[in-house]
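The opening residue of the sequence shown carries number 0 in numbering that gives the first Met the number 0; numbering runs sequentially from there.
Data block below; observations after.
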Amino acid sequence: MTDVRATRGSVPGWVPTTSFALSVLGLLISAYLTYEHYTGSDSLFCAESSTVNCQTVTTSKWSSLFGLPVSLLGLLFFVAMVVLCLPQVWRRAPRAADLTRLAALAVGVLMVGYLIWAEFMWIGAICLWCTAVHVITFVLAIVVVLGEILREPAPEPAQTRSN
Numbered sequence: 000m001t002d003v004r005a006t007r008g009s010v011p012g013w014v015p016t017t018s019f020a021l022s023v024l025g026l027l028i029s030a031y032l033t034y035e036h037y038t039g040s041d042s043l044f045c046a047e048s049s050t051v052n053c054q055t056v057t058t059s060k061w062s063s064l065f066g067l068p069v070s071l072l073g074l075l076f077f078v079a080m081v082v083l084c085l086p087q088v089w090r091r092a093p094r095a096a097d098l099t100r101l102a103a104l105a106v107g108v109l110m111v112g113y114l115i116w117a118e119f120m121w122i123g124a125i126c127l128w129c130t131a132v133h134v135i136t137f138v139l140a141i142v143v144v145l146g147e148i149l150r151e152p153a154p155e156p157a158q159t160r161s162n
């Protein structure tokens, strides 16, 4: 039986490090937003104006999806991304981990598009913390896709000869 991990090429060294760092940063911001949501705190450390207003965004009807706070969904997303972007996972996990990472990011980018649309079209305000998460998600997606594009070809398996 062939070991799937042995047939994969490697990604450039900066990809696992960068993707992991971005995932951790997204996790920290999402954890902060989730904490603020569940404590009902209004100390979002966000400048308030008519356009930039974290309180308006995070308490709007658009701040929940299927009854779950968007911040919690973001937290769960980044927990998964931290695990999927561990350098060991990039190096040693089966190809299914790569596909899962890409699929999760596709969903994440679609979700970010939906949230940006809601902020501009319905809420009429943006949240700087949310924008940071959106940017991190987009940059993370670019890093991961580049990692897959730049992945070195897998080494050819050794041919065995039978006499």
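In this text, a Cβ means the ideal position worked out from N, Cα and C, and glycines have one as well.
Source: prediction; values computed, not measured.
In the DSSP assignment, residue 51 forms a beta bridge with 125. Per DSSP, residue 152 is not a residue of any alpha helix (DSSP H), being assigned neither H nor E. Counting every other CB atom within 10 Å of its CB across the protein chains shown gives residue 105 a total below 16, marking it as exposed. Residue 63 sits in a strand when the DSSP states are folded into three classes. The shortest CA-to-CA distance from residue 84 to any of 7, 8, 13 is the one to 13. Within the model, the alpha-carbon separation for residue 74 versus residue 149 is close to 29 Å. Residue pairing by DSSP places residue 68 opposite 63 in a beta bridge.
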